[in-house]
Structure formats: structure tokens, C-alpha cells
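Single-structure report; data block below.
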Amino acid sequence: MAFQKAVKGTALIGGGAIATVFGLSQFSQYRNKHGTFVHVQAAEAVTVPIKNHYPTREEQILALQTTSEFDVLVIGGGATGCGCALDAVTRGLKTALLERDDFSSGTSSRSTKLIHGGVRYLQKAIMKLDFEQYKMVKEALEERANLLEIAPHLSAPLPIMLPVYKWWQLPYYWFGIKLYDLVAGSQCLKSSYVLSKSRALELFPMLRKDELVGAIVYYDGQHNDARMNLAIALTAARYGAATANYAEVLRLLKTTEPASGKERVCGVRCRDVLTGQEFDVKAKCVINATGPFTDSVRKMDDQEVPNICQPSAGVHIVMPGYYSPDNMGLLDPATSDGRVIFFLPWEKMTIAGTTDSPTDVTSHPIPTEEDINFILNEVRNYLSVDVEVRRGDVLAAWSGIRPLVTDPNSKDTQSISRNHVVTISDSGLVTIAGGKWTTYRAMAQDTIDAAIQAHDLKAGSSKTIGLQLQGAEDWSPTLYIRLVQDYGLESEVAQHLASTYGDKAFDVAKIAQVTGKRWPIVGKRLVSEFPYIEAEVVYGVKEYARTAVDMISRRTRLAFLNVQAAEEALPRIVDIMGKELKWNEQKKKEELEAAKKFLYYEMGYKVKSDQLTDSSEISLVPSDIERYKKRFHMFDKDKKGFITILDVQRVLESISVQIAENTLHDILNEVDLNKNGQVELNEFLQLMSAIQKGHVSGSRLAVLMKTAEENLRQRVVIPVDRSGGGL
């Protein structure tokens, strides 16, 4: 009864605010209803022909070298840069794009994976009567609807639960979420709703029960960010944009106008990172869309210009899928330090984040143990005491740099803008900075509009609203069934291909290798527990992947899901890429080492190794120490004080079990702290202690030795696959 009264009572709260927002939203709904037809027209009005296939990277480099002058040259291959290229080329402008690393290698692949308007920004807009914040939320909600429409294979609506633990919070949060729905207007994905305590626990059984009052569920979008970024880049390439990754801008080219004597930016000097070749690319307009590196390009234009980028680091972690329901996220609206934490299902895993702290600009941001533990502690606050949140269950961790900006056109240059900012320097360099993933298309539209006006380019209005991205045209939710029926792929693999490549999944299936098994007929997996197949590596090279890091982090998402799985897949990935790209043995070795370094520092592998070191404390009770010593000595029959591969093989042979020697080497190497080819008793006890404390989970050696001990009596097969344990 009290629950119902609390909900009904909220109808009387904030009537004036609701009326105000409702009035604004009614106008927006009117515009959206009439805009639907405009959206269709805009997409159909593209007169630039689209090619069936995009050019090879070599053809793109040649186009950059031989084109006398482009209309627009974009620096930066993130979401905004690729969005600018797509917007420009579909208006009929001759367009080029240069990215010094890989497409989406920076912030655009390291997001929370949400397509959202920003509930917290709406709260600030209402509390502070900030119309600019309101407009930003409104724009983001419009762009959310468009993005879900133009790439349905890569994105989908996601319900997010906001648990409530105080009665007075229920009407407060209900009011705020209903305003969020209201601002979205006709583009509201699904209406939010209130849940009783019992229903909330039914939908999210991992939730902490104590003092739970109820919950509110609202809807936002979720996507595969790196693949979405790549889809934008590939679509631009198919429309004729000369796009190239691994093409670094060294300096800006300038010319002096005869009439005014002013210097104007007229292109760039760039270097093909893969070959070392340098060449000039001329353009009427150069656009700086480099995210956190905005100021470095601005200083190429003018050394004296003040910085406008205020970089902020956001760390995320990935945990096993059992930490969250398959289709329900969680929002912690007020963490211990006032930040917001999301806890979301993603790619059958669970993603948690983000933090928000000042940082230096770097191409290789590293997640810290402090940030990882902060997120884990916040997660513990919301999950049931029955769920042990273990440090060892962190499968991957990464840091992304959010490029917040101060508006140089504002009188208060110290205030950070949450919206995007477009500026044009005296020499004509156009800079787009700030904003968020969701609004990349609107940011690109504003940027190209400004470029056309500033440089007197001949082009019409933007055509990208409703313009479908690579893979969306013939996609349907049941497309994966055809992949299973026509090619003999596993259902899980087929669903993965359909949701990653859309209607281009058939191109991947066509080159999938025969397994030699009764089922599946084709599709050899890179690692057993993930649906990525070897054919994706071959196809990834066609999608401009040029390094092993490209493949494990952005063509597939293995590095973001489980760094140990990514490391296991690396040798095979390097072999396949080596064949496609004609790498010699030295190049393959370099790629393998570079990818391992990437996993170690940028994806959280380092913090895994820090959990188990030769100085790790052994905190076991005497009875446990004796039990583990007996287990160890079962393998160390000669009382050497250490075990080797030969010792393990001997025990396994005695119970008629065979495991490949290279697999055994990998299993022991996970625990061999001093890397001397053997596991000492102290190392084994440190491992078992770390497992008990939750710092390490899923150790294959621990599972193998325990199971072998039991199987000396029972004689059953020992499992050696990873159990899902993490960092």
C-alpha cells in the first residue's frame, strides 16, 4: 500500500517542471513526426553512387597520393572523424581521411558501449534550469533513435534498472526518469516503469535484497562501439572517401593568399606508418577531429594557441556474464564519491564502469588497480551478499580518455562544455571537439556545415539522417538462421556473425573453413569459449586490419572480453594475418610481442600478474597448508620442492589422461612466477592463497591438480579449458 501511495504521490511533484518540459517536448514531437518523412528523404537524396565493395588500403593510399586536391581532409579516424568523412562525401564533396593508428583505436572503442541521452545531464538541466544541458540531452536522444535505426545489427535497446533503497527516492527517481521519457517524445524507445521489490529481484536476482524498496526500469541503447566506428568508416569508403588508417599527419601545409597576404591551411604532410613513405595531401579544408589530441593538431597550426582539451580518464572492467542478467543493466546513480556507475550485460559478459579522473593525454592509457578496486567496491554495494565479488573475476580492464573541452568562444574560458564545440582558426583549420559517442552524426553535420560556410564549398545539406551503415541494408533479426541452414555454422557463431557484420555475414561464412566434424560443418573457433572464427581474421584484413592488435581489439573484441583468451588466440591470428599480408617470421614475432604488450599494459594483464607475485602473502590456515602440500607432493614424488611438465605428465598418464605438451606448458606458465620452467611449493601455496582471497580465479593448474587428486580414485577425464577466471 505504501509502495502504491509513493508512486501515485509523485504525480503531484514538480508539476511546473513537467509542464515546461512537456511543452518543449510537444514541439520536438511535432518536429520529429514531420521529420520522419524528412529523414527518409535525406537518405534517399544521396546522389553519390555507393560501391558494392570498398577499395583496398593500397588503393586508398594511391588515391591520397594522386588526387590533386580534396575538398575536405579529415584528421582522425574515431567516431567523429569518420562521421565527418561520411557526411562530407555523401554531400558530393571530394573527401579524404587520415588516421595515424587504426580506426577507433582511441576513445571510440573504449566507451561504456551505451547510446544514450544522459540521465544525469537531464537531472542537472532541471535542477539548475540549464537550457543548454537540456538541448544536449534532447539532441542525444534524437541521435540515439537514428543510430538504432541505421545500424540495427550493431545496436539494440537495453532496459536499465535503477534500484531504490529509500522510500523518498522512489518518487524522486520516478519523476526524473519520466522526464527522460518525456524529453525523448515520440523517439522514446519504451516507456519506463516501476517494479516492486519482489519483481525487481525476479528480474535481477543478483541484487542486494536488504532495505530494497523497489526499482525503476528505463531504456537506453547499447552498441558494439569499435565495430560501429568501423561501419561508419567503411560506409564512407564505399561512397568514395579516400580513408586510410596508419597514415600519420606530420605537419600542416600552408599557402599565402595573394590578396590578403594571410596564411591559409591547404593540406598536410603525412607518412604511411606501414611503409615509411611520406607524401603531401592537398585540400581546400582541413578538419581536426582528433579527440584527446585536439590541441596537438591545433598547435601545428598555431604554437601560441591555448589548450582547450581537458582530458578525463574513464576505466571499465569486464566480469563473467553471471554477474548480471542477460538483458538487464543496472545504474548506480550516486556512488560513494558522487560518480555514476553502470553495470551492463555486453557480448555475454558484464561490463562495469566508469571512473572519471583527470589524466594526461596518451595513446596508451593504462587502467590502475585503484580504479579497478573502486568499481568492484561499488558493485559489491549493489549485489547480494550471496554473490562474492572477486578481484580475480576481472577478465579485462581498460582506460579511455574522454576529451572534455573549454569553449574558446565563451567568455568564461575556464568552464568545461559538456556539448561539442566547432572552431575555425584564422588560417582556416576547422576543429571539432568535445561531445559524446551518441551525437557523433550531429557533430559531423555541424562541422561540415561550418566548413562549407568558412571555405565557400559547393555542397547541399547533410544526408546522413536515416542513412544506413555498412551491413544494415538486408539485415534482419532472423538472418542468423539462414547462416546456420545455408552454411552449417553453429547457432552461437551465426548469431555473432549476424550481429557483427549484418548482411555482410554471408561474406564471412563463404570463406569459413570446413571443420571436418559432423557439426558444425564450417567455422573453426579461435578459442573454444567465444564465437569468433578464423575466417574473421581473413575478413578483418579486408576491413583494413593491419596489426594483431587491430584484430583482437577492434575487428573482434576478444581483448575487451577476456585478455587470457585473446593471448591464447594470438599465435593463430598472427599466422593467418601473416599469410594474408605476406609477413616474414621476424614480422610475425614482432606482431606477437606488440599484441602481448598491448594486453599486458592497456587491457589489464599487468594488474593480473600483480595479484600473484613472488612476494604475495600466504594467508592460509595450517590445515589448508597441509592439505595443499599433500596435493603438491602427489605430483612432486621425488621431493624436489618443485614440479615440472614431466611431473604433471606422469600423474596424468597414471590415470590414462593425455594433454598436449604445449597446453601443459601454458598451464604451468600461468603460475611460474620466476619463469624458470617449474612451479615451486611456495608458488603453489601463493596461488591457493590468492584463490581463497578472490584475487585469482579459474587457475587451470589448481583445477587440474585438484581434479587429478580426486581422479586417482575415480579415473574420469580432467577438464583443462579455462573456467572463465580473470585478472
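Numbering follows UniProt numbering, with no gaps: position 556 of the sequence shown is 556. Every residue gets a Cβ at the ideal spot worked out from N, C-alpha and C, and that includes glycine. Because the structure is a prediction, the values reported are computed rather than measured.
Residue interval of the beta strand (DSSP E) (run including residue i)
i, result
"F343", "I341 to W346"
"K693", "Taken as a continuous stretch (DSSP letters only), K693 belongs to no beta strand (DSSP E), being part of the alpha helix (DSSP H) at L681 to K693."
"L158", "S155 to V164"
"V421", "H420 to I424"
"L330", "G329 to D332"
Residue i vs residue j beta-carbon contact at 7 Å
i, j, result
"I625", "N711", "no"
"A96", "L64", "yes"
"L483", "A494", "yes"
"L147", "I115", "yes"
"Y323", "T294", "no"
"Y246", "R554", "no"
"A509", "Y539", "no"
"E567", "L592", "no"
"R144", "T438", "yes"
"A444", "I452", "no"
"V74", "I287", "yes"
"residue 753", "E585", "Residue 753 lies beyond the range of the chain shown here (1 to 727); nothing can be said about it."
"S399", "P367", "yes"
"A151", "G117", "no"
"Q222", "L158", "yes"
"M161", "L330", "yes"
"S111", "D181", "no"
"D71", "K94", "yes"
"Y440", "A79", "yes"
"T447", "V421", "no"
Beta bridge counterpart(s) of residue i as assigned by DSSP
i, result
"I115", "G221"
"Y193", "V217"
"W398", "H316"
"M349", "W346"
"C285", "V72"
"R271", "E248 and E278"
"P311", "P403"
"I643", "V679"
"I432", "V422"
"S357", "A313"
"K138", "In the DSSP output, where bridge partners are listed per residue, K138 has none listed."
Beta-carbon separation (whole angstroms), residue i vs residue j, contact threshold 8 Å
i, j, result
"S427", "E263", "5 Å"
"S699", "E670", "7 Å"
"E99", "G83", "The pair is not a contact, with the Cβ atoms about 13 Å apart (cut-off 8 Å)."
"I511", "A535", "5 Å"
"T355", "F374", "6 Å"
"I216", "V183", "Contact doesn't hold; Cβ gap of about 16 Å is too wide."
"R238", "G694", "Not really, about 49 Å apart at Cβ, beyond 8 Å."
"V387", "M206", "5 Å"
"I667", "L701", "5 Å"
"A433", "C309", "6 Å"
"A594", "L570", "At roughly 10 Å, the Cβ-Cβ gap does not stay under 8 Å, so A594 and L570 are not in contact."
"V514", "I573", "Between I573 and V514 the Cβ distance is about 20 Å, and since that is not below 8 Å, they are no contact."
Range covered by the alpha helix (DSSP H) that runs through residue i
i, result
"residue 729", "With the chain covering only 1 through 727, there is no way to say anything about residue 729."
"A595", "E585 to Y601"
"D87", "A79 to T90"
"D371", "E369 to Y382"
"V183", "Q169 to A184"
"A96", "That residue, A96, is in no alpha helix (DSSP H); its beta strand (DSSP E) goes T95 to L98."
"T66", "R57 to T66"
"D301", "T294 to D301"
"G578", "V563 to L581"
"T447", "Y440 to H455"
"T500", "S491 to Y501"
"M634", "P622 to F635"
"R482", "L479 to Y487"
"A151", "It is not in any alpha helix (DSSP H) - A151 carries neither H nor E in the DSSP assignment."
Three or more C-beta pairs below 8 Å linking the region 151–171 and the region 122–136: no
Given 8 Å, three or more beta-carbon pairs between the region 561–578 and the region 395–403: yes
Cβ contact (3+ pairs, closer than 8 Å) linking the region 279–291 and the region 312–327: no
contact_flag[the region 177–190, the region 254–272] where n(CB pairs < 8 Å) is 3 or more: no
Contact the region 227–241 vs the region 464–479: 3+ CB pairs below 8 Å: yes
At least three beta-carbon pairs within less than 8 Å, the region 630–642 to the region 681–699: yes
The region 246–260 touching the region 510–525, judged by at least three CB pairs closer than 8 Å: no
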